[in-house]
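All residue numbers for the sequence shown refer to my numbering, where the first residue is 11 and numbers rise by one. Ideal placement from N, C-alpha and C gives every residue a C-beta, glycine not left out.
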Amino acid sequence: MTHTRCLIIGSGPAGYTAAIYASRANLQPILIEGPQTGGQLMITTEVENFPGYPQGVEPSQMMDDMRRQAERFGTRFVSGSVTKVEFGSRGVEGRGVGCHKVTVEGEEEYEAETVIIATGASAKFLGIQSEQDYKGKGVSACATCDGFFYRKKTVAVVGGGDTACEEANYLSNLCEQVYLIVRKPYLRASKIMQDRVLNNPKIEVLFEHNTLRLTGEDRVEGADLVYKKGEPEEEIRHIAINGFFLAIGHKPNTDLFRPAVECDEEGYI
Ligand code: NDP
Numbered sequence: 011m012t013h014t015r016c017l018i019i020g021s022g023p024a025g026y027t028a029a030i031y032a033s034r035a036n037l038q039p040i041l042i043e044g045p046q047t048g049g050q051l052m053i054t055t056e057v058e059n060f061p062g063y064p065q066g067v068e069p070s071q072m073m074d075d076m077r078r079q080a081e082r083f084g085t086r087f088v089s090g091s092v093t094k095v096e097f098g099s100r101g102v103e104g105r106g107v108g109c110h111k112v113t114v115e116g117e118e119e120y121e122a123e124t125v126i127i128a129t130g131a132s133a134k135f136l137g138i139q140s141e142q143d144y145k146g147k148g149v150s151a152c153a154t155c156d157g158f159f160y161r162k163k164t165v166a167v168v169g170g171g172d173t174a175c176e177e178a179n180y181l182s183n184l185c186e187q188v189y190l191i192v193r194k195p196y197l198r199a200s201k202i203m204q205d206r207v208l209n210n211p212k213i214e215v216l217f218e219h220n221t222l223r224l225t226g227e228d229r230v231e232g233a234d235l236v237y238k239k240g241e242p243e244e245e246i247r248h249i250a251i252n253g254f255f256l257a258i259g260h261k262p263n264t265d266l267f268r269p270a271v272e273c274d275e276e277g278y279i
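(1) What's the gap between the Cα of R82 and the Cα of Y26?
(2) Just checking G90 against ligand 1 - is the residue's beta carbon closer than 7 Å to any of the ligand's heavy atoms?
(3) Please confirm whether any heavy atom of ligand 1 lies closer than 7 Å to the CB of L136.
(4) Rounded to the nearest angstrom, what separates S132 and V168 at their Cα positions?
(5) From G49 to E243, what does the alpha carbon distance come to, in whole angstroms?
(6) Just to check my reading of the structure: I246 and V236 have Cβ atoms closer than 8 Å, yes? What is that Cβ distance to the nearest angstrom?
(7) From G170, F217, A174 and Q139, pick the residue whose C-alpha is nearest to that of A151; which is it?
(8) Threshold first: 4 residues or longer. Then list the alpha helix (DSSP H) segments lying entirely within the region 158–225, N to C.
(9) Less than 8 Å between the CB atoms is what I'm expecting for G171 and R198, so what's the real figure, rounded?
(10) Kindly indicate the opening and closing residues of the alpha helix (DSSP H) around A80.
(11) With H, G and I counted as helix, E and B as strand and the rest as coil, what does DSSP make of C16?
(12) Output the boundary residues of the beta strand (DSSP E) element that contains P262.
(13) Does the distance between the C-beta of V207 and the nearest non-hydrogen atom of ligand 1 fall short of 7 Å?
(14) Decide if V271 is buried, meaning its Cβ has at least 16 other Cβ atoms within 10 Å, or exposed.
Below, the structure is given as structure tokens:
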């Protein structure tokens with residue numbers, strides 16, 4: 011078992027930031043990287059709004075910069091995911107008070123005086139059966155990962171936030187046409203992102219539409235949408251699409267820590 015004063019779980023911007031500060035405080039932290047080194051940012055195309063990068067920056071470059079900064083002050087990195095935590099044990103070998111045990115990939119054990127949870131979030135799905143039926147067959151939660159497969163095709167993106175607008179714009183560079191399915195009569199995204207979407211001739215925004223089901227033989231070939239024409243009148247509309255991209259927000263990755271750590275109903279600590 012490895013003992014450390016500070017163990018950080020997660021390698022997104024929060025994890026690396028914690029590592030920079032903890033290592034500069036001489037705590038010699040160990041950082042467990044998790045399933046995706048660099049975190050969720052790694053699946054976006056470009057970061058335009060982080061201070062210090064006037065021309066924007068590729069996410070892999072930015073995360074590598076953060077990692078090297080943490081490494082420079084003595085952070086140790088461990089690849090793999092945490093599979094178990096035991097918070098508040100009193101130190102397995104009688105060392106220290108209030109130590110915590112953290113297991114990585116079911117076997118490697120760490121005893122930490124402090125644990126910093128920086129595990130971020132995962133993409134949310136609508137919860138309809140067809141998402142499961144067509145997973146990997148036209149349904150995706152990451153345009154930058156899968157957009158390439160839909161070159162010159164027609165796709166739909168669900169959501170009205172910045173992620174949905176960014177994904178719709180990204181896909182419009184590859185695809186013939188992009189539908190943006192928005193449940194409200196307006197977009198929630200920032201003004202600059204809204205303008206990009208609304209002025210993009212390849213994107214058609216379907217306000218007040220909800221997805222009922224996806225259709226298709228083996229892969230996604232279409233979607234049935236419910237259009238609310240003003241309560242209680244509803245109309246079912248069909249769109250022909252080859253790909254269906256979810257961009258409706260995220261769920262915090264905190265299941266592993268409950269109930270030891272108190273979370274709100276959405277799962278945020
Ligand atoms: P948001 O929570 O901001 O938006 C989620 C969107 O999905 C909302 O429009 C919401 O609708 C919609 N939605 C949620 N559940 C459903 C559902 N079941 N059916 C249909 N639609 C649904 O998440 P984002 O991921 O877009 O953004 C998260 C944060 O990250 C924000 O602060 C955003 O500004 C930021 N961000 C910034 C970027 C940038 O600046 N480049 C890029 C990406 C994200 P409703 O509005 O009706 O609630």
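By the coordinates alone:
(1) Counting from 1 along the sequence shown, the entry for residue 82 is found at position 72. Counting from 1 along the sequence shown, the entry for residue 26 is found at position 16. When rounded, the distance between both Cα atoms is 12 Å.
(2) If you number the sequence shown from 1, residue 90 lands on position 80. The answer is no for G90.
(3) In the sequence shown, the residue the question calls residue 136 occupies position 126. Flag set: Cβ of L136 near ligand 1.
(4) Looking up residue 132 in the sequence shown gives position 122. Looking up residue 168 in the sequence shown gives position 158. Each residue's Cα considered, the two are about 16 Å apart.
(5) As a first step, residue 49 is located in the sequence shown; it is residue number 39 there, counting from the start. As a first step, residue 243 is located in the sequence shown; it is residue number 233 there, counting from the start. In a straight line, the C-alpha of G49 is about 43 Å away from that of E243.
(6) Within the sequence shown, numbered from 1, the residue matching residue 246 stands at position 236. Within the sequence shown, numbered from 1, the residue matching residue 236 stands at position 226. Contact flag correct, Cβ pair sits at about 6 Å.
(7) If you number the sequence shown from 1, residue 151 lands on position 141. Nearest Cα to A151 within the set G170, F217, A174 and Q139: A174.
(8) 172–182 and 201–208
(9) For the purposes of this step, residue 171 is taken as residue 161 along the sequence shown, with counting starting at 1. For the purposes of this step, residue 198 is taken as residue 188 along the sequence shown, with counting starting at 1. Taking 8 Å as the upper bound for CB-CB distance, G171 and R198 are in contact here, some 5 Å apart.
(10) The residue you call residue 80 lines up with position 70 of the sequence shown. Element bounds for A80: P69 to R82.
(11) Your numbering for residue 16 matches position 6 in the sequence shown. C16 falls in the strand class under three-state DSSP.
(12) Here residue 262 is taken as the residue at index 252 of the sequence shown, counted from 1. Note, P262: beta strand (DSSP E), H260 to P262.
(13) The residue you call residue 207 lines up with position 197 of the sequence shown. Every heavy atom of ligand 1 is 7 Å or more from the Cβ of V207, so no.
(14) For the purposes of this step, residue 271 is taken as residue 261 along the sequence shown, with counting starting at 1. Exposed: under 16 other Cβ atoms inside 10 Å.
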